[in-house]
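To start, the structure under review is shown below, and the notes come after it.
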Amino acid sequence: MLARDEAWTLLCQWTPSEKLRTHARAVELVMRDLAARLQEDVALFGLAGLLHDADYDTWPGEHPKRIVAWLNERGEGDLAHAISAHYTRWNVPYDHLLDKALLASDEITGFVMACALVRPTRTEGLEPKSVKKKLKDKAFAAGVDRYEVAEGFRMLMEAVGGSEDEHLARIIAVLHENRAELGLA
Numbered sequence: 023m024l025a026r027d028e029a030w031t032l033l034c035q036w037t038p039s040e041k042l043r044t045h046a047r048a049v050e051l052v053m054r055d056l057a058a059r060l061q062e063d064v065a066l067f068g069l070a071g072l073l074h075d076a077d078y079d080t081w082p083g084e085h086p087k088r089i090v091a092w093l094n095e096r097g098e099g100d101l102a103h104a105i106s107a108h109y110t111r112w113n114v115p116y117d118h119l120l121d122k123a124l125l126a127s128d129e130i131t132g133f134v135m136a137c138a139l140v141r142p143t144r145t146e147g148l149e150p151k152s153v154k155k156k157l158k159d160k161a162f163a164a165g166v167d168r169y170e171v172a173e174g175f176r177m178l179m180e181a182v183g184g185s186e187d188e189h190l191a192r193i194i195a196v197l198h199e200n201r202a203e204l205g206l207a
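End of the sequence shown = 207 in my numbering, gap-free, step of one.
Written out as structure tokens, the structure is:
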């Protein structure tokens, strides 16, 4: 399996934006937490979160083809597939839990971070109901695709159970636990 250090090095080379690297790290943390809770491969789930947007900064018009090709060249087919499926409109099948987990973690993690950044207490006291209320406000974090969030929730809940509120509470907890590193302190 691809070493996490090698993945981080690639991300830093291909992603000059500190903001996008922070997003990648946040999704990595959320994915690792989900994998641990579901007794899945924590390292694999983490790598999917870390690398899902690795080529976006440098080659936005080719995203995610560059990172998918790079992973396939290294025999990382499961990772490559999950990353190629992290947007439903690319019409890639969701064959594995890894694919669904990445879809269910990407957009919503960025959205929860945006919710935290507009609060004086950041993640402290942030509740799922507040995040869901903000999701209804199309002007807030307008770049977050609400359809992708809903589909991610739907697929993850079908695969592993639970509710939107439980998924959101878990994401908030992970971001809160890592708030200093993620610029949410």
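Glycine is no exception: its CB is placed at the ideal position from the N, C-alpha and C atoms.
Predicted, not measured: the structure shown is a model, and the values here were computed from it.
Residue range of the unbroken alpha helix (DSSP H) whose run includes residue i
i, result
"MET177", "168-182"
"ALA48", "40-60"
"VAL114", "Element bounds for VAL114: n/a, residue is neither H nor E."
"ASP27", "26-36"
Buried/exposed call for residue i, threshold 16 Cβ in 10 Å
i, result
"LEU204", "buried"
"CYS34", "exposed"
"TRP36", "buried"
"ARG111", "exposed"
"THR145", "buried"
As assigned by DSSP and simplified to three states, the class of residue i
i, result
"TRP217", "One cannot answer for residue 217 here, as it falls past the ends of the chain, which runs 23 to 207."
"TRP81", "coil"
"ARG192", "helix"
"PHE162", "coil"
"ASP100", "helix"
"MET135", "helix"
"PRO74", "The sequence shown places His at residue 74, rather than the Pro named in the question. The answer is coil: DSSP assigns HIS74 none of H, G, I, E or B."
"PRO150", "helix"
"LEU204", "coil"
"VAL140", "coil"
"ASP187", "helix"
"ASP63", "coil"
"ALA107", "coil"
CB contact below 8 Å: residue i versus chain B
i, result
"LYS151", "The chain labelled as chain B is not found in the depicted structure, where only one protein chain is given."
beta-carbon residue i near the ligand FMN non-hydrogen atom, thresh 7 Å
i, result
"ALA76", "Among the components modelled here there is no ligand, and therefore nothing to report on the ligand FMN."
I want to know whether the segment 81-96 touches the segment 169-179 - three or more CB-CB distances under 8 Å.
no
Taking 8 Å as the cut-off, does the segment 105-116 touch the segment 143-156 (at least 3 CB pairs, one atom from each stretch)?
Cβ pair count under 8 Å is below three, so no.
At a cut of 8 Å, does the segment 189-198 reach the segment 122-139 through at least three beta carbon pairs?
yes
Answer yes if the segment 40-59 comes into contact with the segment 88-98, meaning at least three C-beta pairs across the two stretches below 8 Å, and no otherwise.
no
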